[in-house]
Structures are given as structure tokens and as C-alpha cells.
Amino acid sequence: MNTNKVLDINRPVSFDETITRYEIHSYSPATSISLDSTDNVIININRGSAYLLISESGIYLEGQFKKSDGNNLDANSAIDFANNGLCFLFNEIRLEMNSIEIDSSKHCGLSSALKGYPSFSPSESKKYEVCGWNSNKLLNKTDFTFSGFIPLKFILGFAESYDKIILNQRLDLIISRENNCKNALISTTVNDVKVQFSKILWKVPHIQVNDSLRLELLTKYKQNIPITIGFKKWSLSYYPQIPITAENSWSIKCSNQLEKPRYIIFGFQSSRENDLTKDPSKFDHVNLKNLKVFLNSEVYPYEDLNLDIEKQRYLMLYLMYCSFQESFYDKVSEPLLGYTEFKDTAPLCIIDTSRQSELWKHSSTVDIRVEYEMKNAPPADTTLYALIIHDILFKLYPLTNIVQKIM
């Protein structure tokens, strides 16, 4: 009980009326290029007096399943979106501010799946049914048309982490389609299929504020006071067709001091790519026994995992999965997957590297390497994915529209 609050009987009532209007505006592609082309679809916003809340924006989609020749599918075709299918339709989604890349997501389906499984609670996952997460309700089975909505915070770390308005800047959303749609769909009877878009819109909240706050924001804008934009970026790396050996290592990348990883989410997949009979959002345990991450000379985790997944001994892996929400979001953990479902759906290995030695401050670069060991050699055509979550900073000079990345 908050004693001061309970006893302060004369506290005045206050009302927050700083925001006077909240409107959703739709923006369409800037050119007449086909929405089904593998070329980039560009949607830009260049509104000089708009206060934009990008964190609550998203991509609205309408389309239809067709045969590859453009004809309609047979009425009895057994086909649907795979889990997270809308995101698997896109190879890259990129956000630019004043022609400077702020954030991007590559292989959007895999990136959002790797981030989504440990992030969502059961109740939150229902919210994302609109983009096909754990839902088969997007497709009209009569004429195979669909509509959906991908919140930008579902695929971009900028939208999830940076929840402030953007004032008087040019923004571009660049969307690139995948070469084919097989990773987005599930079917045991249909092979000849494509996804045609009839509409792609960027729906962005516009905010209006009261006069006193507008004057305050305008004063800061005219003084060109720099705005620091900081957020956690998600960067996907992958090792296709890992060696068919029980032990191996992989030098993932070399990063600068600021962008050293805070979390790394690992997932294995065996022969799931471009296979309409398999769910591309699921991952395989491949009898993983141990996995360690090396950041220069530091190792995570300290002790071996000593897994034996076939004998149901993967408790440490599940505890690492459950602790992600507490560490990353600073909230009580409500894991989306139960113990058995975790093994069968997404046996991810989540390495928390957020606590790091001060000695690193004297090192200009950080080498990121992983060593893993399996009980048996992995199946052929197995890919190892690593979603690296790291800090990134930009400085925006609002009056002169200058964006600088801080290294």
C-alpha cells in the first residue's frame, strides 16, 4: 500500500490533455511499380508539420492466392498461411530517415519468429493474430483472398524500443518481396501457387498536441537541439548447411564497442526452406548438447548446458528461454511455450550477454564466435540462425534534417 497516496485526501484531480487528437493516416507506395514485383516498394512520408508515432504504425496488406499463371486456385485447394506467414513474404523491410538507414529486418519471417517466441506472452500472441501469428483466420477459403496487418514493432527493433514522436522529418519505408512464397504457405496438395498483393499501405498515427506543448516543441525544433535516438536493433546472421559433424564453431561477425551484443538467440532448422509441407516458423533441436558464445575472451554461459533432449533433459535451455522476458523487458515472465511445446516448436538457445566486463571499454572491436556440440551429427541441410540484439545510437538535428550514426 502506498501510504502517502492513501492519506493525501486533498490531492487535486489532474487530467492529461496534452494530446488533443490521435489519427491514423494511410500512405501508399510512391510509384506505380507492381506490388508483386521483387523490386523495392517504397512508401514515403514528407509532412513538414506532422508528429508521427512510428512505434504504433504498421503495414496493411490485401491480396489473393493464385496459380503461378495468374488463374484462380481450384475451389477445393487445401492451402493456408504458415505460422507468421505474412512476414515470410518479405525478404527485407527497411526504415530510412532523411535518406539514412535507421533500422532494417532481413528475412523478416525468421527474424520475427526468433524474436517472437521468447518475447510474447500467451495474451500478447493473440494481439498478433492480425499478422498471422498462431492463427489461420486471415485467409478466406472461398476465394483465397486475405487481409492482414504487420505492426512495425513486430519486425523492427526501432519501433519496439523507441516510443517517441518523430517531428518534421522525411521517412521512407522500403519493402522487398521474397523471390517465392513457399516459406509463407502450408499445403500438402498445392505446389503451383503465388501470392498477389492488391494493396500495401503504411498506416501511421498522427498526433496533435495542445498549444503550450506545441510552442515548446517548436522552440526546441528551431534551436536545432540534437535528439538522441537509441534502441535495440535485431541483426540476423545464419550459417547455411552446417558441417555434418557433432562439434563445430562459427565466427559470426566482428562488431564495434557500442554495438556489442546484449542477447543472441540461436535456432536450428533442418530441411524446412521452400517446403510447403513444413512449418518454416518452427525450429529443430538437432540433439544439441552444448553451446557457448565467445565475445573476445569472455564466454557465455559459464557452465556447460549438458543437454540430452531425446531423454527430456533440456531444463537449462527452457529456463534460459523463460528468463528472457524478465531480463529484456523487466517484467514477470509469462512464457508463450510450455516445457514440452518448447521442445517441439522452438527449442531456441538464448544467450544473455548483457552483463559484460569493464575491460572491454578499452577494446575497439568485439569478435563474436559460437561453439556448439551435438549428441550426434546433425541432419544434412541444417542451418544455424543467430539473431543478435544490440544497442545502436543516432543523433538527429531536427531543423537541419541531419542524421548521424554514433559509433
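All residue numbers for the sequence shown refer to the UniProt record's numbering, where the first residue is 1 and numbers rise by one. Built from N, CA and C at the ideal position, the CB exists for glycine as well. Note that the structure is predicted; figures quoted are calculated from it, not measured.
Worksheet item: Taking all protein chains shown into account, do 16 or more other C-beta atoms lie within 10 angstroms of the C-beta of K311, making it buried, or fewer, making it exposed?
Response: To locate residue 311, count along the sequence shown from 1; it is residue 311. Exposed, because fewer than 16 other Cβ atoms sit within 10 Å of the Cβ of K311.
field: Exposure of I225, with buried meaning 16 or more beta-carbon neighbours within 10 Å
entry: On the sequence shown, residue 225 is found 225 positions in, with the first residue counted as 1. When all chains shown are included, I225 counts as exposed.
Output needed for A78: all residues of its chain with C-beta closer than 8 Å, excluding positions within five of it in sequence on either side, in chain order.
For the purposes of this step, residue 78 is taken as residue 78 along the sequence shown, with counting starting at 1. Excluding positions up to five away in sequence, the list reads S187, T188, T189 and V190.
Q | M407, DSSP secondary structure in three states | A | Residue numbering aside, residue 407 sits at position 407 when the sequence shown is read from its first letter. It is coil, neither helix nor strand.
Q. Any C-beta of chain D sitting closer than 8 Å to the C-beta of L315?
A. As a matter of chain content, chain D is missing from the structure shown, which is built from one protein chain.
> Nearest to V403 by alpha carbon, out of S357, N98, P29 and P12?
Replying inline: By one-based count along the sequence shown, residue 403 stands at place 403. Of the candidates S357, N98, P29 and P12, the one whose C-alpha sits nearest the C-alpha of V403 is N98.
Excluding the 5 residues flanking D381 on each side, which residues of the same chain have their C-beta closer than 7 Å to its C-beta? Taking the sequence shown and counting its residues from 1, one reaches residue 381 at position 381. Once the five neighbours on either side are set aside, the close Cβ partners of D381 are Q241, S270 and S271.
Can you name the residues that DSSP bridges to P122? Here residue 122 is taken as the residue at index 122 of the sequence shown, counted from 1. P122 pairs with nothing; no bridge assigned.
### Query
In the structure shown, what three-state DSSP assignment does L143 receive?
Residue mapping note: residue 143 aligns to position 143 of the sequence shown, counting from 1. Sequence inspection shows Asp at residue 143; the Leu mentioned does not correspond to that position. Coil, per DSSP.
Buried or exposed for V370, please, with buried defined as at least 16 other CB atoms from any protein chain shown within 10 angstroms of its CB. Translated into the one-based positions of the sequence shown, residue 370 becomes position 370. Taking all protein chains in view, the Cβ of V370 is crowded by 16 or more other Cβ atoms within 10 Å, so the residue is classified as buried.
Item checked: Residues of its chain near I196, where Cβ-Cβ distance is below 6 Å and the 5 sequence neighbours each way are ignored -> Your numbering for residue 196 matches position 196 in the sequence shown. Reading the sequence as shown, one finds Gln at residue 196 and not Ile. Contacts found: D36, G63, Q64 and K66.
Assuming S147 and K232 make a contact with CB atoms under 8 Å, what is their CB distance in whole Å? Start at 1 with the first residue of the sequence shown, and residue 147 comes out as number 147. Start at 1 with the first residue of the sequence shown, and residue 232 comes out as number 232. Not confirmed; about 30 Å, so no contact.
For this session: Please classify V370: does DSSP put it in a helix, a strand, or coil?
Result: On the sequence shown, position 370 is the one that residue 370 refers to. Under the three-state reduction of DSSP, V370 is assigned to strand.
### Cutoff 6 Å; reference L393; Cβ partners in own chain excluding five residues on either side
Along the sequence shown, read from residue 1 onward, the residue named residue 393 stands at position 393. Excluding sequence neighbours, L393 sits near G230 and I406.
- F294 vs Y385 beta-carbon contact at 8 Å: As a first step, residue 294 is located in the sequence shown; it is residue number 294 there, counting from the start. As a first step, residue 385 is located in the sequence shown; it is residue number 385 there, counting from the start. The answer is no: Cβ separation not under 8 Å.
* **the ligand GTP heavy atom lying under 7 Å from the CB of T365** => No copy of the ligand GTP appears in this structure; indeed no ligand is present at all.
### Query
Taking the alpha-carbon positions, what's the H206 to L110 distance?
Your numbering for residue 206 matches position 206 in the sequence shown. Your numbering for residue 110 matches position 110 in the sequence shown. For H206 and L110, the distance between alpha carbons rounds to 30 Å.
query: What do you reckon, are the CB atoms on D352 and Y263 nearer than 8 Å?
result: For the purposes of this step, residue 352 is identified with residue 352 of the sequence shown, where counting begins at 1. For the purposes of this step, residue 263 is identified with residue 263 of the sequence shown, where counting begins at 1. Contact: yes.
| Reduced DSSP category for E96 - H, G, I as helix; E, B as strand; rest coil | Along the sequence shown, read from residue 1 onward, the residue named residue 96 stands at position 96. It is a strand residue.
Next on the checklist: Just to confirm my understanding: we take P378, look at its own chain, exclude 5 residues before and 5 after, and list those with CB closer than 6 Å. What are they?
Outcome noted: By 1-based counting over the sequence shown, the position of residue 378 is 378. Only V286 meet the Cβ criterion.
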